[in-house]
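Please read the structure below before turning to the comments.
There are 2 protein chains.
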Amino acid sequence: MALIVQKYGGTSVGSIERIQNVAERVIETYKQGKEVVVVVSAMGKSTDQLIQMANDISEQPSKRELDMLVSTGEQVSMSLLAMALQQKGYESVSLTGWQAGIKTESVHGNARILDIDSRRINGHLATGKIVIVAGFQGITENEEIATLGRGGSDTTAVAIAASLNADKCEIYTDVTGVFTTDPRVVKDARKLEAISYDEMLELANLGAGVLHPRSVEFAKNYNVTLEVRSSIEKESGTRIEEEVAMEGNLMVRGIAFEDNVTKVTVYGLPDEMSTLSKLFTTLSDNQINVDIIIQNTNGNQTTDISFSVDSDILQYTMDVLSKFKSELRYEHIAYEEGLSKVSIVGSGMISNPGVAAKMFDVLAEGQIKVKMVSTSEIKVSTIVDSGEMISAIECLHEAFELDARQAVTV
Amino acid sequence: MALIVQKYGGTSVGSIERIQNVAERVIETYKQGKEVVVVVSAMGKSTDQLIQMANDISEQPSKRELDMLVSTGEQVSMSLLAMALQQKGYESVSLTGWQAGIKTESVHGNARILDIDSRRINGHLATGKIVIVAGFQGITENEEIATLGRGGSDTTAVAIAASLNADKCEIYTDVTGVFTTDPRVVKDARKLEAISYDEMLELANLGAGVLHPRSVEFAKNYNVTLEVRSSIEKESGTRIEEEVAMEGNLMVRGIAFEDNVTKVTVYGLPDEMSTLSKLFTTLSDNQINVDIIIQNTNGNQTTDISFSVDSDILQYTMDVLSKFKSELRYEHIAYEEGLSKVSIVGSGMISNPGVAAKMFDVLAEGQIKVKMVSTSEIKVSTIVDSGEMISAIECLHEAFELDARQAVTV
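Quick mapping for you: the protein sequence lines, in order, are chains A and B. Here this note's numbering is used: the first residue of the first sequence is 1, the next is one more, and so on. Here this note's numbering is used: the first residue of the second sequence is 411, the next is one more, and so on.
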């Protein structure tokens, strides 16, 4: 019998009506003769409300107690969904993380799943029940409740699918799938039928927020077929799987972007072996995430290094650099705000060295100035002025034939 | 080192401010050099809100899933209290029912505690932590979450106190203790310094809603000293303990009462051995709780039986009796609404046969007609017209010297 794991996010279970709707979706699958395990997040904004209460009580609530607090959110939504299924005549049982055998590291707030003892889930499936599992939570060796951090419910679903050897893990969300680029920005954006794990990983890391990178990585490692689809619309979504079934000649699969980027340049650093390491260790020790990094040696005894950061942490970044000026021995700093990152992603570009060149060509033709570049095997990222971001996306979307008008079988 | 178990009800932890206040109370005790275990209920009306959601989803939510749902309420309040204590600089840890080792029957919604494996609580106490435990919940043999039903948090506190051999179990509530009668009704009502388990049991069963009878019974069986006191006022409350320390000559300890009583009389039943049993088995099989029962044989082949019920179930009671008229073989039924029950309670009356006589005498002098009587070893209950209830309580309160003016050392 086919086994499907379905995951519904907070918006999908955000109200009594939404929960009833999810129950209907679950029943549809069950009536096709499939075994169904459902993973749910907390209802709508309920996690935020719980965290607000914690912040009202304590300046820095302990992570252990925060886990105790927020893990109640999924317990509420899962029991309500079980009741909804029962009310519609379907046997169902809800399980907390610890009841479902989800073992995690002994870390609070951001634990990783170590193992799943799926005996209890299997026992309920064997009696024909629909099993509902709390996302986002597990239990440590010391029987402490631990939460998985951001994207945790997706990861729970994938881990359960891997442990049960499920045929598919369906991630229900408020969009109908993964698009070539954000359809709110480019009207011709096209929903992809399928995408590889690596491509999805790059897109997820580049800010296409449909799936958390962690869950995609997990799915890749355990070869779990994912499907991203809408909890409201009935149309099929986007499969994420190994690329066997895909067309090799589709060089670029999608375009990701994010704005609110600032470029910081540190001028006149000593041109020594340890300079790069010293600078980025200092930033990392102070919890500053940098994205693209460029180094220019200028032929003298000094070097200039540029990097991009989220504009929200610009002031803090400048403060940290000033504080460590004597250790780092630089001459001065400059920064440029109001930038955006535009990236093309596609596993086809590994064997097509001309893809990056084509990207720069397209942007040049569109009169769009590239301020920084970064490449990986399956993506090329550029930093451009925010005012030119949408124009850049549109040019690239058309040039790489991603438009809905040019249907490509994938 | 002395060990104190404290229990705070839903009103006491009903808001962030209230939780901060509870933290202060807990710290006061801890600073006296005592080990403290705190049992908490869910915040204010949160349990009712969860049940409302369940009822919105399902006509008859499964008890198993209801337990999953409502047990989150205590988990929220306990983790917030732990955070409040930590914020004030005191090490603290919260434990769910299953983490605290509270083993219950395999029943949902109304489980009894079977055993407490207190190793985890003891481990935390040994490191100097204040331990907070979710009231009202435990875990069954099959690792299912089970709730304890009404008064469950009181019972949790008493059971933990028994299992840890605590020096005292303090029940914090919105009144300052147990009174000779309801101070809202009789202005001279006096707070009792101490009362015996049996007296408290009778008062609790008679509607003095400070403590659930189940928790008093549990305390009696395990000889746990209880203290009922206010979570706001600092004054000491009422101790509930074995009666060694009490004055034997205080015949009557308090007066309990409830209105909304109806007397039902079934006329012309066959005067047979099985009549009583048949009638009350029929009522009990239909979940009708009767209180006082009186049988009059009239010398013929028939007998009349009267009983009292809560007025809210009068119509249902009449329906059930009509439905079984042919089996029960009675002639007709009559009922009298608008009645109240007034009871005197005191373990001193066991050795004072004249107490009941004095009660009837006092009521007769006050021109109050007694419609039904029921006695036990330590209480006498009378049914009177609701219009005369307060006057009855006042006469008795004065006659048995319960007034605050007449200070009695107990």
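Idealized CB from N, CA, C, for every residue including glycine.
- Item | Backbone CA spacing between A:Thr176 and A:Val370 [nearest angstrom] | Counting from 1 along the first sequence, the entry for residue 176 of chain A is found at position 176. Counting from 1 along the first sequence, the entry for residue 370 of chain A is found at position 370. In this structure, the CA atom of A:Thr176 is about 32 Å from the CA atom of A:Val370.
- Just tell me which of B:Arg522, B:Ala571, B:Glu554, B:Ser694 has its CA closest to the CA of B:Arg624. Stepping through the second sequence from its first residue, residue 624 of chain B is reached at position 214. For B:Arg624, the nearest C-alpha among the options comes from B:Arg522.
- Query: Below 8 Å between beta carbons: does that hold for A:Lys263 and A:Tyr330?
  - Reply: Along the first sequence, one-based indexing puts residue 263 of chain A at 263. Along the first sequence, one-based indexing puts residue 330 of chain A at 330. Between A:Lys263 and A:Tyr330, the C-beta gap is not smaller than 8 Å, which leaves the two residues out of contact.
- Item | beta strand (DSSP E) segment containing B:Gln485, residue limits | Taking the second sequence and counting its residues from 1, the one referred to as residue 485 of chain B is at position 75. In the DSSP assignment, B:Gln485 falls outside any beta strand (DSSP E) and within the unbroken alpha helix (DSSP H) covering 473-497.
- Message: With the cut-off set at 8 Å, would you say A:Leu192 and A:Glu217 are in Cβ contact?
- Response: As a working mapping, residue 192 of chain A is identified with position 192 in the first sequence. As a working mapping, residue 217 of chain A is identified with position 217 in the first sequence. Taking a C-beta distance under 8 Å as the contact criterion, A:Leu192 and A:Glu217 do not qualify as a contact pair.
- Task: Taking only beta-carbon positions, decide if B:Asp714 is within less than 8 Å of chain A.
- Result: Against the second sequence, residue 714 of chain B aligns to sequence position 304. Not an interface residue.
- Where the segment 147-177 of chain A meets chain B: residues whose CB sits under 8 Å from a CB there: Here the close residues number zero.
- Query: Using DSSP with H/G/I as helix, E/B as strand and the rest coil, what is B:Val440?
  - Reply: For the purposes of this step, residue 440 of chain B is taken as the residue at position 30 of the second sequence. It should be pointed out that residue 440 of chain B corresponds to Tyr in this sequence rather than to Val. In this structure, B:Tyr440 counts as helix in the three-state DSSP scheme.
- Query: Along the chain, which unbroken stretches of the alpha helix (DSSP H) at least 4 residues long are found entirely within the segment 78-163 of chain A?
  - Reply: Within the segment 78-163 of chain A, complete alpha helix (DSSP H) segments of at least 4 residues are found at 119-126, given in chain order.
- Query: Is the CB-CB distance between B:Ser732 and B:Tyr582 below 8 Å?
  - Reply: If you number the second sequence from 1, residue 732 of chain B lands on position 322. If you number the second sequence from 1, residue 582 of chain B lands on position 172. Not a contact, by the Cβ cut-off of 8 Å.
- Do we get a CB-CB distance below 8 Å when we pair B:Gln725 with the residues of chain A? For this step, residue 725 of chain B is matched to residue 315 along the second sequence. Not one chain A Cβ lies under 8 Å of B:Gln725.
- Do B:Ser753 and B:Val790 have their C-beta atoms within less than 8 Å of each other? For the purposes of this step, residue 753 of chain B is taken as the residue at position 343 of the second sequence. For the purposes of this step, residue 790 of chain B is taken as the residue at position 380 of the second sequence. Yes.
- Message: I need the straight-line Cα distance from B:Ala412 to B:Val446, nearest angstrom please.
- Response: For the purposes of this step, residue 412 of chain B is taken as the residue at position 2 of the second sequence. For the purposes of this step, residue 446 of chain B is taken as the residue at position 36 of the second sequence. For the pair B:Ala412 and B:Val446, the Cα-to-Cα distance works out to about 9 Å.
- Query: Straight-line CA distance for A:Ser62 to A:Leu50?
  - Reply: As a first step, residue 62 of chain A is located in the first sequence; it is residue number 62 there, counting from the start. As a first step, residue 50 of chain A is located in the first sequence; it is residue number 50 there, counting from the start. C-alpha separation (whole angstroms): 14 Å.
- Query: Can you tell which of B:Ser425, B:Met453, B:Gln416 has the C-alpha that lies nearest to the C-alpha of B:Ile437?
  - Reply: Your numbering for residue 437 of chain B matches position 27 in the second sequence. When each option's Cα is compared against that of B:Ile437, the closest is B:Gln416.
- Item | Meets three-Cβ-pair contact criterion under 8 Å: the segment 283-299 of chain A and the segment 309-316 of chain A | Judged by Cβ distances under 8 Å, the segment 283-299 of chain A makes contact with the segment 309-316 of chain A, as three or more pairs qualify.
- Within this structure, are the beta carbons of A:Val345 and A:Arg253 separated by less than 8 Å? By 1-based counting over the first sequence, the position of residue 345 of chain A is 345. By 1-based counting over the first sequence, the position of residue 253 of chain A is 253. Cβ atoms of A:Val345 and A:Arg253: closer than 8 Å.
- Item | Per-residue DSSP class, three states only, for B:Gly678 | Against the second sequence, residue 678 of chain B aligns to sequence position 268. The answer is strand: DSSP assigns B:Gly678 an E or B state.
- Are there 16 or more other CB atoms within 10 angstroms of the CB of B:Gln485, so buried, or fewer, so exposed? Stepping through the second sequence from its first residue, residue 485 of chain B is reached at position 75. Around the beta carbon of B:Gln485, 16 or more other beta carbons lie within 10 angstroms, which makes this residue buried.
- Message: I need the straight-line Cα distance from B:Glu551 to B:His518, nearest angstrom please.
- Response: Locating residue 551 of chain B in the second sequence gives position 141, counting from the first residue. Locating residue 518 of chain B in the second sequence gives position 108, counting from the first residue. Cα atoms of B:Glu551 and B:His518: separation of roughly 12 Å, rounded to the nearest angstrom.
- Rounded C-beta distance between B:Ser487 and B:Ala452? I'm assuming under 8 Å. Reading the second sequence from its first residue, position 77 is the one you call residue 487 of chain B. Reading the second sequence from its first residue, position 42 is the one you call residue 452 of chain B. Their Cβ separation, rounded to whole angstroms, is 6 Å, which keeps B:Ser487 and B:Ala452 in contact under 8 Å.
- Beta-carbon separation of B:Thr565 and B:Ser481 under 8 Å? Here residue 565 of chain B is taken as the residue at index 155 of the second sequence, counted from 1. Here residue 481 of chain B is taken as the residue at index 71 of the second sequence, counted from 1. Going by C-beta atoms, B:Thr565 is not nearer than 8 Å to B:Ser481.
- In the structure shown, what three-state DSSP assignment does A:Asp182 receive? Counting from one through the first sequence, the residue named residue 182 of chain A turns up at place 182. In this structure, A:Asp182 counts as coil in the three-state DSSP scheme.
- In angstroms, rounded to a whole number, what distance separates the CA positions of B:Asp729 and B:Gly678? Sequence index remark: in the second sequence, residue 729 of chain B carries index 319 (1-based). Sequence index remark: in the second sequence, residue 678 of chain B carries index 268 (1-based). When rounded, the distance between both Cα atoms is 18 Å.
- Query: Any idea which residues DSSP pairs A:Cys395 with across the strands?
  - Reply: Position 395 of the first sequence, counted from the first residue, corresponds to residue 395 of chain A. A:Cys395 pairs with nothing; no bridge assigned.
- Query: Under a Cβ-count criterion, where at least 16 other Cβ atoms within 10 Å of its own Cβ denotes burial, should A:Arg119 be classed as buried or exposed?
  - Reply: The sequence position of residue 119 of chain A within the first sequence is 119, counting from 1. A:Arg119 should be labelled exposed.
- Message: Is the separation between the beta-carbon of A:Arg190 and that of A:Leu396 shorter than 8 Å?
- Response: If you number the first sequence from 1, residue 190 of chain A lands on position 190. If you number the first sequence from 1, residue 396 of chain A lands on position 396. The answer is no: Cβ separation not under 8 Å.
- Message: Quick check on B:Ser504 - is its C-beta less than 8 Å from some C-beta in chain A?
- Response: Walking along the second sequence from the start, residue 504 of chain B turns up at place 94. Yes, because at least one Cβ of chain A sits closer than 8 Å to the Cβ of B:Ser504.
- Interface residues of chain A facing B:Asp466 [CB-CB closer than 8 Å]: The count along the second sequence starts at 1 and reaches residue 466 of chain B at position 56. Under a criterion of Cβ atoms nearer than 8 Å, the residues of chain A adjacent to B:Asp466 are, in order, Ile16.
- Measure the C-alpha to C-alpha separation of A:Asn296 and A:Asp304 and round it to an integer number of angstroms. Residue numbering aside, residue 296 of chain A sits at position 296 when the first sequence is read from its first letter. Residue numbering aside, residue 304 of chain A sits at position 304 when the first sequence is read from its first letter. The C-alpha of A:Asp304 is placed about 5 Å away from the C-alpha of A:Asn296.
- Query: What whole-angstrom Cβ distance do B:Ser504 and B:Ile542 have, given they're in contact under 8 Å?
  - Reply: Numbered from 1 along the second sequence, position 94 holds the residue referred to as residue 504 of chain B. Numbered from 1 along the second sequence, position 132 holds the residue referred to as residue 542 of chain B. With a Cβ gap of about 4 Å, B:Ser504 and B:Ile542 count as contacting.
- Query: Between the beta-carbon of A:Ile160 and the beta-carbon of A:Trp98, is there less than 8 Å?
  - Reply: Taking the first sequence and counting its residues from 1, the one referred to as residue 160 of chain A is at position 160. Taking the first sequence and counting its residues from 1, the one referred to as residue 98 of chain A is at position 98. Going by C-beta atoms, A:Ile160 is not nearer than 8 Å to A:Trp98.
- CB of A:Ile116 within 8 Å of CB of A:Ile102, strictly: On the first sequence, position 116 is the one that residue 116 of chain A refers to. On the first sequence, position 102 is the one that residue 102 of chain A refers to. For the 8 Å CB-CB criterion, A:Ile116 and A:Ile102 form a contact.
- Query: Do B:Gly647 and B:Ser641 have their C-beta atoms within less than 8 Å of each other?
  - Reply: Within the second sequence, numbered from 1, the residue matching residue 647 of chain B stands at position 237. Within the second sequence, numbered from 1, the residue matching residue 641 of chain B stands at position 231. In this structure, B:Gly647 sits away from B:Ser641, with a CB-CB distance that is not shorter than 8 Å.
- Task: Consider the Cβ of A:Val244: report whether some Cβ of chain B lies at a distance smaller than 8 Å.
- Result: Locating residue 244 of chain A in the first sequence gives position 244, where the first residue counts as 1. Because A:Val244 sits at a pLDDT of 47, beneath the cut-off of 50, its placement in the model cannot be relied upon, and the point is left open.
- Query: Does the beta-carbon of B:Asp458 have 16 or more other beta-carbons within 10 angstroms, so that it is buried, or is it exposed?
  - Reply: Locating residue 458 of chain B in the second sequence gives position 48, counting from the first residue. With fewer than 16 Cβ atoms within 10 Å of its Cβ, B:Asp458 is classed as exposed.
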